[in-house]
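Numbering (my numbering), first residue to last: 33 to 520.
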């Protein structure tokens, strides 16, 4: 009985442990799944992912495809257009040709000549009169109302229209389509540069915030150890309760800041996933960096004025405006086209309608209420508008390059200034912490030293991040975003 009771007890314990084991298995499986869904991306891989999946870049790529197709469509204007048409018509009355007035006009002549006419030689006079009488009979019995077309009829035909001359409008349309391709290319370049800056901001922003969170964790762990030391010193009578409470408050504050930092990491990671168009968790592996040297401001200004995607886009729009003026002037010239039609089917169609015809047509507008003149003037104003925008854009780019270049130098100076500060902060914290454990420093001094060390390390990371973001922005302005990865 005792052995049986022990077996039952063992079974009960086993049954109670099953949920715990199942929970452990589920957790392990969940961790494995999370690890599989996590992307460890260096910056180069993130750029490739952005190019493949980012919606804004995909939209710009579709605009390029659209422009190329429209260029091919414009080339079709040089060729003839061939179409088919079919009609079925019903008229109120059939179409007739009434020749009774002709009959009425010639009948008296035949009647008179057949009865009273005298013809030479006399021997043939009777024969001629007999012929006239017969002709009169035929006139009277003839069909003098002829139906040319029935009141219901149908037909199908093939039509050809080939513009031979359009005042240069076809050529201008093809040039405009070619410039539109250039526009789409510059728009893609601009979009790519902007998304690249956004990627730098969010990728390295996540790297910054993750490292700041790690520093917050170090501060929290340091404050936990400091609180433990304070509790032991309080128990040994080496510290007042107020000092111990100060250490406890510092630990609580560090714990709260760490949790806050984790939320910042989650938010920035969500932003990065949006840029990369993915739902997977992302961990950046490329570190923040500093480029050893940069060129002077004037170099970047010249590069920006020559290669900035927006300036290229405005230049393409200016070329389009030039074509717009020529297009409106071409409206004063005539259109000449070759035309033709071939009948392929008819139903009760008049036999007098030809089976086919071909010809050349000319059309010119002689007066349209001065509309063409005003359109030419409007096209000139459009060009002036684009030129004005371009001049302002060039000035803005010079200002922007100056601003970003100064931000780059400022970030470099801040980074360099933290080198000495970091050494001092690390040594000061070590000395204060050691003094506290020996009873020669207060809790406040240790906390302040630890927070100062965190502050210096954070400022150093932020200086690197600000440098990377300014560097990416400067390269985007100069149309050289591809050089960013080469600098890492």
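All C-beta atoms, glycine included, are put in the ideal place defined by N, C-alpha and C. Keep in mind it's a predicted model, so treat the numbers as computed, not measured.
- Residue state for residue 88 is assigned as helix, using DSSP reduced to three classes.
- Counting other Cβ atoms within 10 Å of its Cβ, residue 475 reaches 16 or more and is therefore classed as buried.
- Here the C-alpha atom of residue 360 lies approximately 34 Å from the C-alpha atom of residue 336.
- When only Cα atoms are considered, residue 78 and residue 232 end up about 10 Å apart.
- Measuring C-alpha to C-alpha distances from residue 88 to each of 113, 114, 227 identifies 227 as the nearest.
- Of the residues 246, 297, 280, 393, the one whose Cα lies closest to the Cα of residue 235 is 297.
- When 229, 128, 294, 307 are compared, the shortest CA-CA separation from residue 384 is found for 128.
- Collapsing the DSSP output to three states places residue 165 in a helix.
- As summarised for the segment 274-356, the continuous beta strand (DSSP E) elements at least 3 residues long and confined to that stretch are 313-316, given in chain order.
- According to the DSSP assignment, residue 396 belongs to no beta strand (DSSP E), since it is labelled neither H nor E.
- Contact between the segment 469-486 and the segment 253-270 is established, with three or more Cβ pairs separated by less than 8 Å.
- The three-state secondary structure of residue 185, taken from DSSP, is strand.
- If you check the CB distance, residue 252 and residue 220 do not come in under 9 Å.
- Annotation: the continuous alpha helix (DSSP H) that includes residue 436 extends over 403-469.
- Within the same chain, no residue comes within 7 Å of residue 435 by CB-CB distance, once the 5 residues on both sides are set aside.
- Nearest in C-alpha terms to residue 328, of all of 500, 492, 433, is 433.
- Assignment of beta-bridge partners to residue 114 by DSSP yields 192.
- The Cβ atoms of residue 478 and residue 279 sit closer than 9 Å to each other.
- Residue 228 is not bridged by DSSP to any residue.
- Comparing alpha carbon positions, the residue from 366, 428, 390 closest to residue 197 is 366.
- Our two residues, residue 338 and residue 462, have alpha carbons roughly 54 Å apart in a direct line.
- Residue 445 and residue 492 have their C-alpha atoms some 11 Å from each other.
- Classified as exposed, residue 470 has fewer than 16 neighbouring CB atoms from the shown chains inside 10 Å of its CB.
- Around residue 138, the same chain offers no residue with a beta carbon nearer than 6 Å, after the five sequence neighbours per side are excluded.
- Judged by DSSP in its simplified three-state form, residue 478 adopts helix.
- The C-beta distance from residue 238 to residue 304 rounds to 5 Å, short enough to meet the 8 Å contact threshold.
- In the structure shown, the three-state DSSP call for residue 74 is coil.
- By the Cβ neighbour-count rule, residue 268 is exposed, with fewer than 16 other Cβ atoms within 10 Å of its own.
- Just so you know, the alpha carbons of residue 357 and residue 490 end up roughly 58 Å apart.
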